[in-house]
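**Q** Chains as they are written, first to last, in the working numbering: chain A, 1 to 258; chain Z, 1001 to 1438.
We put the beta carbon where it would ideally sit given N, CA and C, even for glycine.
Let me give you the structure first, and then I'll get to my questions.
Below you can see the structure in the form of structure tokens.
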């Protein structure tokens, strides 16, 4: 087995040599993130709509410059409490390429609600080229793709430090982050106080924005969460009643034995 | 069951009344399917003393049906192509009506299937259900387990996440350990020179095929079961009609109650923690250029993964890697030999005081192997003890796993003083249960 691991490691290193980057999957493991209170946790959790809308604003104004959300469609934003007109307006802010038309040419048009979020870069190579070799991952399922995803994301966004601890030297273009595996991250600290101006007047502190955008991304990863939990409560109650009847019936059927 | 009777013109005493009854009799005379069902599912004589550990066979059958039903619907919406597989799964989760529910039921159904089957197997180990005349029944069960492992492994590859890709790479690479022809076999399995689109497509094809092969072997398993009937907690043969009760309604209702309890547990996971048993890495699209920090299989394969990784040394000219692969396969194939390794005439552990203890030690050993499989080999088992790593724990538990079957079982069979067996199921020796510590 060691041979296999060695073989895998060698081949992976050889293949990756062309793109020397610090990936979010680097060998060091991330420290356990501190647990936060989330509106959507527990059996009765639902997404805090105001937080979702603020989080969408943070994503739109800060994250979307580098990170895609390609599995989410603009029409899905209705779930955040926006009207049909608002959703149309959000989509229309974006220019997407469509086609070919009858002349065989590609053309651009305003996005429609049925379109999925346009990714900021056409492909991974372009993303790396624009980001010092690092690849900003698509955020569609990010909270499911990391252990304790929501707590991790919040910790990642809030534990940047200006100076690394003594004895640790940061390479050019890298930032010290306590939550990230290896504590060196290529992502420029994305949030600073008042990076966005919230429409509902909430003060845009870094923890506030981190919480909101994490809530938004948790929704993006699990848009079915509220429906799932509501159905789950009904299913479990139904099953408990049914099973109780089954048990009573079992007792009844077996009572004529012995 | 009465002999089939020709309905037309015959005396109506034997036939069933009414139109439906007549149709039933007409069919039954030509193909006795209703007699067969009545014989095997209704009046089928079953030991009257089966406990709840005997529920798990029928539970496994029901989960197999759930897996096939949800799987067929998923296959309608899934695209087996490296460029589309991950995205098509996300489409199922987001755009297919109740796609999230169907996928989570299927995904967690695999875990439930293994949980139920493992309990079923350990029940067989405790009560000696593999002993004569049920050796063939036991073998067919092991064949089902092997088919389940292959099916589960290939199914896990289909979403084409990081663990899908790297799990497929690690497991298919095992075959390269075979001397001389290993590399050729791996290339043949992959359909190319790495895990790529041809691999994904053939895994999808086989993942759809194998469950139906499992259904076939389950039919054989049931055939073998119904030839001599269920073993029972006392492990003694039924001597008279007093020892048996008809399967229906007694065990149908008991199985339905058990199904209710299982579904509560299963659905709680599906609805409230659907990803708790999975690896987050599998929500990262497969990337051949980036190796995950820890490549681990799903929980139900961890003990075997631990055995595979425990052989870190060459023996003579045989490489460690090949030995690991041999040990892993041997850990399952050794179960085929169990009816001869344990030749004790007493089936149930209730009357085998030493085996009863060793059964629990063996269970703990298997759980420890699972923990070893989940950790990196060089992780410390206890934070305070520097030179006791998981690789060493894995070697100890692997050695014990094989010693249990190869050394302890034959020795016990020969030397263990067993308790006296009761006369019959319906008239157990007075005070026997208390004596046996039940």
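#1: Would you give the residue range spanned by the beta strand (DSSP E) that residue 1296/Z belongs to?
#2: Is the shortest distance between the beta-carbon of residue 254/A and the beta-carbons of chain Z less than 8 Å?
#3: Along the segment 1253-1280 of chain Z, where does the CB come closer than 7 Å to a CB of chain A? Name the residues.
#4: Between the C-alpha atoms of residue 1251/Z and residue 1126/Z, what's the straight-line distance to the nearest angstrom?
#5: From residue 231/A to residue 1271/Z, what distance separates their C-alpha atoms?
#6: First and last residue of the alpha helix (DSSP H) that includes residue 54/A?
#7: Which first and last residues belong to the beta strand (DSSP E) in which residue 98/A is found?
#8: Taking CB distances under 8 Å as the criterion, tell me whether residue 257/A reaches chain Z.
#9: Would you mind telling me which residues of chain Z sit closer than 9 Å to residue 240/A, beta carbon to beta carbon, in chain order?
#10: How would you write the range of the beta strand (DSSP E) that residue 180/A sits in, first residue to last?
#11: With DSSP as the reference, label residue 136/A as helix, strand or coil.
#12: What residues from chain Z crowd round residue 140/A, counting only those whose CB sits closer than 8 Å?
#13: Taking Cβ-Cβ distances below 7 Å as the criterion, which residues of the segment 209-237 of chain A are in contact with chain Z?
#14: How would you list, in chain order, the residues of chain Z whose beta-carbon sits under 8 Å from the beta-carbon of residue 149/A?
#15: When burial is assigned at 16 or more other CB atoms within 10 Å of the CB, is residue 1028/Z buried or exposed?
#16: Taking C-beta to C-beta, are residue 166/A and residue 176/A nearer than 8 Å?
#17: Quick one: measure Cβ to Cβ for residue 118/A and residue 111/A, integer angstroms, because I've assumed they're closer than 8 Å.
#18: Helix, strand or coil: how does DSSP classify residue 1324/Z here?
#19: List, in order along the chain, the chain Z residues whose C-beta lies closer than 7 Å to that of residue 243/A?
#20: Beta-carbon of residue 1340/Z versus every beta-carbon of chain A: anything under 8 Å?
#21: Beta-carbon within less than 8 Å of residue 1408/Z's beta-carbon, same chain only, minus the 5 sequence neighbours each way: which residues are those?
#22: Below 8 Å between beta carbons: does that hold for residue 1083/Z and residue 1162/Z?
#23: What is the DSSP secondary structure of residue 1047/Z, counted as helix, strand or coil?
#24: Please list the residues of the segment 1032-1056 of chain Z that have a C-beta atom closer than 8 Å to any C-beta atom in chain A, keeping them in chain order.
#25: Between residue 116/A and the rest of its own chain, which residues show a CB-CB distance below 6 Å, the 5 nearest in sequence each way excluded?
#26: Taking residue 1248/Z as the reference, which of 1033/Z, 1038/Z, 1019/Z and 1030/Z has the closest Cα?
#27: Taking 7 Å as the limit between beta carbons, can you name the residues of its chain near residue 25/A, skipping five residues before and five after?
#28: So which of 254/A, 219/A, 153/A and 228/A has the shortest CA-CA distance to residue 35/A?
#29: Mind checking which residues open and close the alpha helix (DSSP H) that includes residue 1199/Z?
#30: Find the residues of chain A that neighbour residue 1094/Z, judging by a C-beta separation of less than 7 Å, and give them in chain order.
#31: Measuring straight from C-alpha to C-alpha, what distance separates residue 139/A and residue 1062/Z?
#32: With contact counted as at least three CB pairs below 8 Å, one residue from each stretch, are the segment 1255-1265 of chain Z and the segment 1053-1069 of chain Z in contact?
#33: How many angstroms separate the CA atom of residue 1339/Z from the CA atom of residue 1231/Z?
#34: Mind listing the chain Z neighbours of residue 250/A? Cutoff is C-beta to C-beta under 7 Å, in chain order.
#35: When you compare only the Cα positions, how much space is there between residue 244/A and residue 1186/Z?
#36: Exposed or buried, which one is residue 221/A when buried takes at least 16 other CB atoms within 10 Å?
**A** This is what the structure gives:
#1: Careful: residue 1296/Z lies outside any beta strand (DSSP E) and carries neither H nor E.
#2: yes
#3: Those would be 1253, 1254, 1256, 1257, 1260, 1261, 1263, 1264, 1267, 1268, 1271, 1272, 1275 and 1280, in chain order.
#4: 21 Å
#5: 8 Å
#6: 49-61
#7: 95-98
#8: yes
#9: 1260 and 1264
#10: Here residue 180/A belongs to no beta strand (DSSP E), and DSSP marks it neither H nor E.
#11: Correct three-state label for residue 136/A: coil.
#12: 1090
#13: 223, 224, 228, 229, 231, 232, 235 and 236
#14: 1280, listed in chain order.
#15: buried
#16: no
#17: 7 Å
#18: helix
#19: 1257, 1260, 1261 and 1264
#20: no
#21: Here the set comprises 1358.
#22: No, they are not a contact pair.
#23: strand
#24: Of all residues in the segment 1032-1056 of chain Z, the ones placed with a Cβ closer than 8 Å to any Cβ belonging to chain A are 1048, in chain order.
#25: 70 and 73
#26: 1038/Z
#27: In this prediction, residue 25/A scores a pLDDT of 35, lower than 50, which makes its location untrustworthy; no coordinate-derived value is stated.
#28: 153/A
#29: From DSSP, the alpha helix (DSSP H) with residue 1199/Z extends over 1197-1228.
#30: Simply 71 and 223.
#31: 38 Å
#32: yes
#33: Spanning the alpha carbons of residue 1339/Z and residue 1231/Z requires a straight line of approximately 14 Å.
#34: Here the neighbours are 1253, 1254 and 1257.
#35: Roughly 52 Å separates the two Cα atoms.
#36: buried
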